[in-house]
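Input: a single structure, listed below in structure tokens.
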Ligand code: NAI
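Numbering (this note's numbering), first residue to last: 1 to 252.
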């Protein structure tokens with residue numbers, strides 16, 4: 001059912017070719033936004049965007065490596081020229097890496113920090129001037145429950161996601177005065193390519209028992225959180241974390 005919860009807004013979503021980003025662009029467009037999806041996987045993104053266009057949604061694709069600050073300038077310009085000033089930014093692109101502290105080599109550390117943490121910073125820095133032209137907006141940064149609690153693995157990933165949460169709170173404090181809200185979503189275990197890949201290293205199934213709702217999430221569970229924070233229903237929410245994890249970190 002379409003309810004036009006983000007009617008007339010222009011949205012930019014990173015990591016849109018698969019998983020949560022793919023669910024985000026679909027739902028935001030279904031709810032009335034004009035959407036630009038970006039990804040390093042341009043071929044995958046083009047195929048998805050063609051499908052969504054065929055359904056009558058207002059949507060375009062752009063190639064973007066979120067760790068490249070100059071490429072961000074091009075994407076923001078493209079979005080503004082295509083649909084107008086940006087009022088929703090979803091910094092969703094991210095990579096998961098498994099090594100712990102001593103096994104994390106320099107390249108893994110640098111790559112993870114530059115995509116997961118740098119990408120969020122570059123995205124906010126490049127997009128906020130456009131949001132100002134839009135008269136305000138909503139930035140949604142996809143962190144993780146791994147930015148709140150630890151696990152035995154994934155040192156660089158944990159570090160990057162903790163940083164996304166604090167970047168979010170800092171930007172919320174700086175830009176509230178201009179009507180720009182900045183919030184984080186902290187997904188739990190969500191059935192996407194990241195989890196399919198993690199299954200190669202870890203037996204994931206027993207984890208379902210540790211989750212109060214007894215299942216992993218799907219991408220649409222996160223997209224509904226994105227939609228809420230993007231919409232004017234969340235007009236008094238900024239600097240917040242929205243944990244969407246089936247209760248995984250609520251339980252002791
Ligand atoms: P996914 O692997 O299905 O999708 C990620 C997308 O980002 C892919 O299309 C990929 O091509 C793109 N991407 C990767 N590096 C990029 C770059 N440098 N520039 C632009 N695009 C890039 O992953 P998923 O699960 O949908 O993850 C989305 C976000 O959610 C990530 O930030 C991830 O860390 C976070 N997350 C995922 C969880 C999960 O259980 N799946 C749990 C908590 C957080």
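Glycine residues also receive a C-beta, built at the ideal position from the N, C-alpha and C atoms.
CA-to-CA distance, residue 189 to residue 149, given in whole angstroms:
13 Å
Status (buried if at least 16 other CB within 10 Å, exposed otherwise) for residue 155
buried
Excluding five sequence neighbours on each side, which residues of the same chain lie with their C-beta closer than 7 Å to the C-beta of residue 100?
152, 153 and 155
Distance cut-off 8 Å: residue 98 Cβ against heavy atoms of the ligand NAI
no
Just tell me which of 66, 112 and 203 has its CA closest to the CA of residue 159.
112
Flag this pair as yes or no: are the beta carbons of residue 86 and residue 76 separated by less than 9 Å?
yes
From what residue to what residue does the beta strand (DSSP E) around residue 181 run?
180-187
Assumed close pair residue 14, residue 97 - CB separation to whole angstroms, cut-off 8 Å
Their Cβ separation, rounded to whole angstroms, is 18 Å, which puts residue 14 and residue 97 out of contact at 8 Å.
By Cβ distance below 6 Å, which residues in the same chain neighbour residue 223 in space, the five residues on each side in sequence not counted?
23, 24 and 27
Nearest by alpha-carbon distance to residue 109: which of 122, 121, 120 and 95 is it?
95
Contact belief for residue 244 with residue 221 at Cβ below 8 Å, rounded distance in angstroms
6 Å
7 Å CB neighbourhood of residue 114 in its chain, flanking five on each side removed
67
Just verifying my parser: in three-state terms, what is the DSSP assignment at residue 221?
helix
Residue 140 lies in the beta strand (DSSP E); which residues open and close that run?
137-142
Please confirm if the segment 32-48 is in contact with the segment 6-13, defined as three or more CB-CB distances below 8 Å between the two stretches.
yes
Assign residue 139 to buried or exposed, taking buried as 16 or more other Cβ atoms, counted over all protein chains shown, within 10 Å of its Cβ.
buried
Round the Cβ separation of residue 61 and residue 41 to the nearest angstrom and send it over; I've been treating them as touching at under 8 Å.
Incorrect: roughly 10 Å between the Cβ atoms, too far for contact.
Nearest by alpha-carbon distance to residue 229: which of 199, 180, 209 and 250 is it?
180
Need the endpoints of the alpha helix (DSSP H) that residue 213 sits in, please.
First-last for residue 213: undefined, no H or E at that position.
Alpha carbon to alpha carbon, how far is residue 79 from residue 57? Give it in angstroms, no decimals.
16 Å
What three-state label does DSSP hand residue 153 in the structure shown?
coil
Cβ atoms of residue 182 and residue 116: under 9 Å apart, would you say?
no
Among 102, 73, 238 and 242, which has the Cα closest to the Cα of residue 174?
238
Please list, in chain order, all residues of the same chain as residue 240 whose beta carbon is under 6 Å from its beta carbon, the five residues on each side excluded.
183
What alpha helix (DSSP H) runs, 4 residues minimum, are completely inside the segment 69-137?
69-83, 106-112 and 118-134
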